[in-house]
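Student: Once you know that position 246 of the sequence shown is 246 in this note's numbering, the rest is easy, because the numbers rise by one and skip nothing. C-beta atoms are modelled at their ideal positions from N, C-alpha and C, and glycine is treated no differently. Just so we're clear, the structure is a prediction, and the values are computed from it rather than from any experiment. Sharing a structure, written as C-alpha cells. Questions coming.
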Amino acid sequence: MSKPVTEGAPAVSVVVPVYRNAATLPELKRRLAEALDRSGVSHELVLVVDGCREGSFEAAAGLAGGDARVRAVRLKRNYGQNQAVMAGIRLARGLTVAVMDADLQDPPEAVPRLLEAAGRGYAAVFAGRRGRYESSGRLMTSRLFKWALHKMTGLPRDAGMFVLFDRRVRRRLLDLHAPKPFVVAMIGCCRLPVTSIPVSRDVRPGGGSAYSSWKRAATALCALWWAAHWRRQLLYGNGQQDDATDRGG
Numbered sequence: 001m002s003k004p005v006t007e008g009a010p011a012v013s014v015v016v017p018v019y020r021n022a023a024t025l026p027e028l029k030r031r032l033a034e035a036l037d038r039s040g041v042s043h044e045l046v047l048v049v050d051g052c053r054e055g056s057f058e059a060a061a062g063l064a065g066g067d068a069r070v071r072a073v074r075l076k077r078n079y080g081q082n083q084a085v086m087a088g089i090r091l092a093r094g095l096t097v098a099v100m101d102a103d104l105q106d107p108p109e110a111v112p113r114l115l116e117a118a119g120r121g122y123a124a125v126f127a128g129r130r131g132r133y134e135s136s137g138r139l140m141t142s143r144l145f146k147w148a149l150h151k152m153t154g155l156p157r158d159a160g161m162f163v164l165f166d167r168r169v170r171r172r173l174l175d176l177h178a179p180k181p182f183v184v185a186m187i188g189c190c191r192l193p194v195t196s197i198p199v200s201r202d203v204r205p206g207g208g209s210a211y212s213s214w215k216r217a218a219t220a221l222c223a224l225w226w227a228a229h230w231r232r233q234l235l236y237g238n239g240q241q242d243d244a245t246d247r248g249g
C-alpha cells in the first residue's frame with residue numbers, strides 16, 4: 001500500500017480515471033488549476049489511464065512533463081473505472097483526495113466547494129449531480145440504483161463518483177483490499193460522516209458514454225453485491241495490487 005507523505009503534502013490530490021479522454025485533459029487540467037489556485041489550495045492531479053491506446057497516456061504524460069503537480073499513470077491493461085480510481089488513491093499524496101471524471105461533465109470548479117463542505121466535519125463529501133446531463137432513461141435507472149445503494153449503505157441518494165474524502169476514508173478503502181472494488185459503496189461501508197452538496201453537471205462534450213447499457217447494469221449489480229457482502233467485513237479480505245507505470249511528480 002502506498003502511503004502519502006505528510007510533510008509538504010498538497011491539500012488535495014485529484015484522482016481522475018482516464019479512458020479515451022485525450023481531447024478533454026488539457027482543459028480539465030487548466031480549469032482545475034485555475035479554480036484551486038484562485039482558492040489558495042495546493043494540489044496534485046493524478047491522471048490514471050486505464051489501458052486505452054488512443055493517445056490518452058501521451059496527452060497525460062505531456063501535461064505531467066510541463067507541470068510538476070501533474071502525474072500520469074498508465075495501467076498495463078483495461079481494469080475498469082473503479083480499479084483505475086483505486087490505483088490513483090494508492091498513489092495520492094494529498095491530505096484529502098477528490099475523485100472525478102475526465103470528460104468535463106463534472107465541473108472542476110466544484111472541488112473547492114467540496115473542500116469547504118468537508119471542513120464542516122465530514123469524512124466524505126459527494127457532488128450531488130444536478131441537471132439533464134443524460135437521457136431520461138439513463139437518469140431514471142441511475143436514480144433507482146442510487147436509491148438502492150442509499151438503503152443498503154446510508155449514503156446520500158445523490159452520491160456518485162464525484163467525491164472528496166479525507167485520510168480516514170483513504171486508509172479504510174485501501175485496507176479493504178477489495179478484488180472487485182466499487183468505490184462509492186465502499187465509502188458508504190466506512191461508517192464515517194458523509195454528506196452531499198448540489199453540483200450542476202454538463203452534457204458530455206463530444207458524444208456518448210464509454211459505458212454501454214449492459215456495462216452500466218453489470219457495474220450496478222456489482223456495486224449492490226459489494227455493499228451487501230462487504231459492509232460487515234470492513235478491514236478484511238485479500239489484497240490485490242494494480243500494475244501501473246508512474247510518470248511525473
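Can you find the residues in the same chain that come closer than 7 Å, C-beta to C-beta, to R113, ignoring five residues on each side of it along the sequence?
Tutor: Answer for R113: I197, listed in chain order.
Student: How close, in whole Å, do the beta carbons of S39 and G94 come, if the pair is a contact with beta carbons under 8 Å?
Tutor: About 14 Å; that fails the 8 Å criterion.
Student: Which ranges would you report for the alpha helix (DSSP H) in the stretch 31–113 if only whole runs of at least 4 residues count?
Tutor: As far as the stretch 31–113 is concerned, its whole alpha helix (DSSP H) runs of at least 4 residues are 56–66 and 81–91.
Student: How close, in whole Å, do the beta carbons of M86 and V163 come, if the pair is a contact with beta carbons under 8 Å?
Tutor: Not a contact, Cβ separation roughly 13 Å.
Student: Tell me the DSSP secondary structure of P17 in three-state form.
Tutor: Residue state, collapsed to three classes: strand.
Student: Quick one: Cα of V18 to Cα of A92, how far?
Tutor: If you take the alpha carbons of V18 and A92, they lie about 16 Å apart.
Student: Excluding the 5 residues preceding and the 5 following P156 in the sequence, name in chain order all residues of the same chain whose CB lies nearer than 8 Å to its CB.
Tutor: Closer than 8 Å at Cβ, skipping near neighbours: F126, G128, H150, V194, T195 and S196.
Student: In its own chain, which residues sit with a C-beta less than 6 Å from the C-beta of D166, not counting the 5 before and 5 after it?
Tutor: T96 and A123, listed in sequence order.
Student: Exposed or buried, what is K261 when buried is set at 16 or more other beta-carbons lying within 10 Å of its beta-carbon?
Tutor: Examination of residue 261 is not possible in this model, given that the chain is present from 1 through 249 alone.
Student: Short check: CB of D50 to CB of Q81, under 8 Å?
Tutor: Cβ atoms of D50 and Q81: closer than 8 Å.
Student: Which residues share a DSSP beta bridge with I256?
Tutor: Here the chain has residues from 1 to 249 only, and residue 256 is not among them.
Student: So the candidates are C52, R120, L174 and G66; which of them puts its Cα closest to the Cα of R30?
Tutor: Minimum Cα distance to R30 is reached at G66.
Student: Which residues bound the alpha helix (DSSP H) around D175?
Tutor: Where D175 is concerned, the enclosing alpha helix (DSSP H) stretches over R167 to L176.
Student: Could you have a look at T24 and say whether DSSP puts it in helix, strand or coil?
Tutor: Three-state result, T24: coil.
Student: On a Cα-Cα basis, can you pick out the residue from V41, A35, V99 and F57 that is closest to M161?
Tutor: Of V41, A35, V99 and F57, the residue nearest in Cα terms is V99.
Student: Does the Cβ-Cβ distance between A59 and A33 come in under 8 Å?
Tutor: No, these two residues do not count as a Cβ contact at 8 Å.
Student: For a cutoff of 8 Å on Cβ pairs, would you count F57 as touching chain B?
Tutor: Any reference to chain B falls outside this structure, which holds one protein chain only.
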